[in-house]
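Residue numbers (this note's numbering): 781 to 1172. Glycine residues also receive a C-beta, built at the ideal position from the N, C-alpha and C atoms. Take a look at the structure set out below.
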């Protein structure tokens, strides 16, 4: 009985391709992902990155430990781009924590994170700047854009702006503004059966990241010229959170998902109430609950699909249907449901009772704050991995 209780949920020795999915949530989410990455590295995972023509040899690395696919939405796009370009966890840790031992990458500045859409006196004096157009049309628009984040990536993070030149697979998730759908930019146009999203390869990494991080109403949608047409994009989490399906589309059999959209759960006898914390926290709880419902629904669908396949498999066995015909039937069902029984998922998120994490600011660049959030990501990663069999 004791052995059953300690049985591993996932046997990593069978895994051949691993994806790391980083969700959105501004600086708060980025710091949390760093902590999760620290826990994964401590557990023996290796973050594969750099340019495809790099001379470093990876032939001896166990594929079950090598994270070779990165999927990022919003703030997760920043972390995914850094890791896929060969950045080290120690550099990330030094950037988000107060570490005197390791020099991290230059930290993002507030003026880069909140870049004004009018950047010069000439633009300000123009009779056709966005501010005058806004007054003329009597429409309120955000004064900030993500162009500063795009420049920060080019100057401090990226070894290349081309997805195709990376050794690992990097995919950045965006939402199209005028044609509601999810658009995923990356190395290949992956095949998919869902018309609600498409894969594209004709956008640069910094443009894709800037588009994915354009969270309304703080940021104005990000404009990109594609095939001679101007198309606007904004936050990659709006259409669908998490995007774990990209790992499936990439052929991964282990998908590790890191996200911070965890609604607060207070005990019934608690003296506290979110209703007493102000409109900001009430709105945040409402958003988190909406996102969590979508994540639970997706996870529940996969669980029900597995149960259906198990029922069919048992039925075939009980009815004496020959193994070959049974396997063909199960294969057709999996294809119809877009389900792969070989894929395992690990979901890493904050504790639902962690009020400090819930109250942590989303846009603070203060090292004390980001260090605390990083530590919480590390602990969450350790807890998620503790009952998983990590040794072949």
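In this structure, residue 1013 places its C-beta atom within 8 Å of the C-beta atom of residue 1002. In this structure, residue 1068 lies away from residue 948, with their beta-carbon atoms at least 8 Å apart. Exposure of residue 1049 is indicated by the presence of fewer than 16 other C-beta atoms within 10 angstroms of its C-beta. Excluding sequence positions up to five before and after residue 891, its CB lies within less than 8 Å of the CB of 928, all in the same chain and listed in chain order.
Boundaries of the alpha helix (DSSP H) harbouring residue 1090: 1059-1098, taken from the DSSP string. Along the length of the stretch 937-995, whole beta strand (DSSP E) runs at least 3 residues long occupy 949-956, 961-965 and 977-980, reported in chain order.
Contact between the stretch 1113-1120 and the stretch 858-866 is not established, with fewer than three Cβ pairs separated by less than 8 Å. Residue pairing from DSSP places residue 925 in a beta bridge opposite 895. Note that the stretch 1003-1011 does not touch the stretch 1023-1030; fewer than 3 beta-carbon pairs, one per stretch, sit closer than 8 Å. In this structure, the CA atom of residue 848 is about 40 Å from the CA atom of residue 1047. Within the same chain, Cβ atoms closer than 8 Å to the Cβ of residue 806 are found at 854, 855, 995, 1142 and 1143, the five residues on either side in sequence being excluded. With contacts defined as CB atoms closer than 8 Å, residue 955 and residue 965 fail to qualify as a contacting pair. Within the same chain, and ignoring the five residues on either side of residue 1072 in sequence, the residues whose Cβ sits closer than 8 Å to its Cβ are 1041, 1042 and 1043. Counting only residues of its own chain and dropping the five nearest sequence neighbours on each side, residue 800 has a CB closer than 8 Å to the CB of 817, 820, 827, 847, 849, 850, 851, 860, 863, 1036 and 1038. Non-local beta-carbon contacts of residue 1157 in its own chain, meaning distances under 6 Å to residues more than five positions away in sequence, involve 812, 815 and 816 in chain order. Per DSSP, residue 866 has no beta bridge partner at all.
DSSP places residue 853 inside the beta strand (DSSP E), whose first and last residues are 846-853.
If you check the CB distance, residue 937 and residue 992 do not come in under 8 Å.
Listed as beta-bridge partners of residue 1108 by DSSP are no residues whatsoever. In the three-state reduction of the DSSP assignment, residue 1153 falls in the helix class.
Residue 978 and residue 1020 have their alpha carbons spaced roughly 13 Å apart. Under the three-state reduction of DSSP, residue 1042 is assigned to coil, being neither helix nor strand. For residue 844, the number of other beta carbons within 10 angstroms of its own is at least 16, and it is reported as buried.
Shown here for residue 1061: same chain residues with a beta carbon closer than 6 Å to its own, the five before and five after excluded, namely 1054 in chain order.
Among the bridge pairs identified by DSSP, residue 1036 is matched with 800 and 1126.
Contact between residue 1117 and residue 1085 holds, with the beta-carbon distance rounding to 5 Å and staying under 8 Å. When 933, 824 and 804 are compared, the shortest CA-CA separation from residue 867 is found for 933. When C-alpha distances from residue 943 are compared across 1058, 830, 1051 and 1076, the shortest belongs to 830. Collapsing the DSSP output to three states places residue 1158 in a helix.
In the DSSP assignment, residue 1003 forms a beta bridge with 1012. A distance below 8 Å separates the beta carbons of residue 990 and residue 930.
A straight line joining the alpha-carbon of residue 959 with that of residue 1106 spans about 42 Å.
The beta carbon of residue 1052 sits closer than 8 Å to those of 1046 and 1135, all from its chain and outside the five residues before and after it, given in chain order. Taking 8 Å as the cut-off, the beta carbon of residue 986 is found no closer than this to the beta carbon of residue 945. Burial state of residue 1059 is exposed, judged by a 10 Å Cβ sphere holding fewer than 16 other Cβ atoms. With fewer than 16 other Cβ atoms from the protein chains shown falling within 10 Å of its own Cβ, residue 834 counts as exposed.
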